[in-house]
Amino acid sequence: MSLGAIGAFLVVLLVVFVVGNLWFHFVEGVLERIKGVFRGRREPPAWHPLPPEQEDDK
Amino acid sequence: MGIFSKLFKGPEVDMEKSNANARKMRLLFDQVVENGGDYRIIFGYTEDVARFNYGFVHGSKTKIGNLIVGWNEADQTIVVVPTVPDLSGCGDPTYYRRSEILKAYRNKYPTDAFIIYPDKKSYIGINAYDWLEDESLYVYVSQEGELAAFTQFFMNQFAKK
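Line by line, the protein sequences give chains E and C. The first sequence: position 25 = 25 (our numbering), numbered continuously. Just so we're on the same page, our numbering is the position in the second sequence counted from 1, plus 1000.
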C-alpha cells in the first residue's frame, strides 16, 4: 500500500470521526431542546458554596 | 534497583491534598446536615449510564455524580449530600433512615455499589473506593479506614431485605 493510499484512508477516518461527532452533538442538542419544552421551567436545585476563607485553604 | 522500584511503583496518594479535601468535605457536610458532627463521612459517587443510538453513531454516556456520604450508627441513618470534585459547594442532603427505607443491599455486579431503595419507585447506587486518582471526575481523598467502617456498618447494621 502506497503512502498516498494510507494518507487517504486516514483522511477518510478523520472525516468519519468529525461527521460522527457533529451528528452526535446535533442530535443531543435537538433532544435537549425537546426535553426542555416538556420539562418546562424548574427551580434550580439549592446549592451551598464552601465558605470563601476555606476555599483558599489549599 | 532504586530507580526501577520507583518506576514500577504505582501512583501514590498526596496526603496533604487528601487531608485538605477531607476537611472541606467535613465543612460542607456540617454546613447542610443538622448535627453533622454526629456522622462519619466518606466520599462516594453515582453513575448514570445511558445508551444511545443516533443512526450511524451509537455508544453510551456516563454521568458521574459526586457525593459526600455520612452515616450515624446510633440513628441507623445514611445521609447523602451531592457535591462536585473540587468541593466548591454542595446541594441539599437526602436522608435514608433504616426504619423508613424499603431495602438496602450491597451489589457486586455490574459494579460494586451500595444500593438503597427508599421506596419502590426510586433507588440510589453509591460507589465508593479507597482512593480515585482522577481529580477531574472524583474528589481526591484517601479513605481506606473510613470505607472499611462504612462497609461494616452498611452490611451489619443498615442492610435490609
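Beta carbons: idealized from backbone N, C-alpha and C, even for Gly.
Neighbour list for residue i in chain C, Cβ cutoff strictly below 7 Å
i, result
"E:Leu-50", "Lys-1024, Leu-1027, Leu-1028, Leu-1087, Ser-1088, Gly-1089"
"E:Phe-24", "Tyr-1054, Val-1057"
Residue i - DSSP class collapsed to helix/strand/coil
i, result
"E:Lys-35", "helix"
"C:Asp-1038", "helix"
"C:Gly-1089", "strand"
"C:Val-1141", "coil"
"C:Val-1049", "strand"
"E:Pro-52", "helix"
"C:Trp-1131", "coil"
"E:Leu-10", "helix"
"C:Gly-1059", "strand"
"C:Val-1084", "coil"
"C:Gly-1065", "strand"
"E:Gly-40", "coil"
"E:Trp-47", "coil"
Own chain, CB closer than 7 Å to residue i, minus 5 neighbours either side, in chain order
i, result
"C:Ser-1018", "Tyr-1140, Val-1141, Ser-1142"
"E:Asp-57", "Because the pLDDT of E:Asp-57 is 49, which lies under 50, any placement of that residue in the model is unreliable, and the number read from its coordinates should be weighed accordingly. Excluding positions up to five away in sequence, the list is empty."
"C:Ile-1042", "Val-1069, Ala-1128, Gln-1143, Glu-1146, Leu-1147, Phe-1150"
"C:Asp-1130", "Ser-1142, Gln-1143, Glu-1144, Leu-1147"
"C:Ala-1022", "Val-1141"
"E:Ala-46", "none"
"C:Val-1206", "Given that chain C is displayed from residue 1001 to residue 1161, the structure contains no residue 1206 of chain C and the question cannot be resolved."
Contacts of residue i in chain E (Cβ-Cβ under 9 Å)
i, result
"C:Gln-1031", "His-48, Leu-50, Pro-51"
Residue i: first and last residue of the uninterrupted alpha helix (DSSP H) it sits in
i, result
"C:Phe-1029", "1015 to 1032"
"C:Gly-1145", "1144 to 1153"
Per-residue contacts from residue i into chain E (C-beta, under 8 Å)
i, result
"C:Asp-1014", "Within chain E, no residue comes near C:Asp-1014; the closest Cβ sits about 12 Å away, beyond 8 Å."
Spatial neighbours of residue i in its chain, beta-carbon cut-off 8 Å, leaving aside the 5 residues before and after
i, result
"C:Gln-1076", "Arg-1097, Arg-1098, Ser-1099, Gln-1157, Phe-1158"
"C:Pro-1011", "Glu-1133"
"C:Val-1033", "Tyr-1039, Gly-1070, Val-1079, Val-1081, Pro-1093"
"C:Leu-1028", "Ile-1068, Val-1081, Thr-1083, Leu-1087, Gly-1089, Cys-1090"
"C:Met-1025", "Ile-1041, Phe-1043, Ile-1068, Thr-1083, Leu-1087, Val-1139, Val-1141"
Own chain residues within Cβ distance below 6 Å of residue i, not counting five before or after
i, result
"C:Asp-1038", "Asn-1072"
"E:Arg-42", "none"
"C:Met-1001", "Model confidence at C:Met-1001 stands at a pLDDT of 49, short of 50, so the residue's coordinates are unreliable; what they give is reported in the following sentence. Nothing listed; no residue qualifies."
"C:Phe-1114", "Arg-1106, Ile-1126, Phe-1154"
"C:Ala-1104", "Ile-1116, Phe-1158, Ala-1159, Lys-1160"
Closer than 7 Å at the beta carbon, the chain E residues around residue i
i, result
"C:Asp-1048", "Ordered by position in chain E, no residue passes the 7 Å Cβ test against C:Asp-1048, which lies about 15 Å from the chain."
Endpoints, the beta strand (DSSP E) within which residue i is located
i, result
"C:Ile-1124", "1124 to 1126"
"C:Pro-1110", "From DSSP, C:Pro-1110 is part of no beta strand (DSSP E); its letter is neither H nor E."
"C:Arg-1097", "1094 to 1097"
Contacts that residue i makes with chain C (C-beta to C-beta distance below 9 Å)
i, result
"E:Pro-45", "Pro-1082, Gly-1091, Asp-1092"
"E:Val-27", "Phe-1052, Tyr-1054, Gly-1055, Val-1057"
Interface partners of residue i on chain C, CB under 8 Å
i, result
"E:Gly-20", "Phe-1056, Val-1057"
Margin query: Can you confirm whether the region 1095 to 1109 of chain C touches the region 1038 to 1055 of chain C when touching is taken to mean that 3 or more C-beta pairs between the two stretches lie within less than 8 Å?
Written below: These segments do not touch.
Notebook entry, point to check: Taking one C-beta from the region 1115 to 1123 of chain C and one from the region 1012 to 1030 of chain C each time, how about it: are there three or more such pairs within less than 8 Å?
Noted result: Segments in contact, no.
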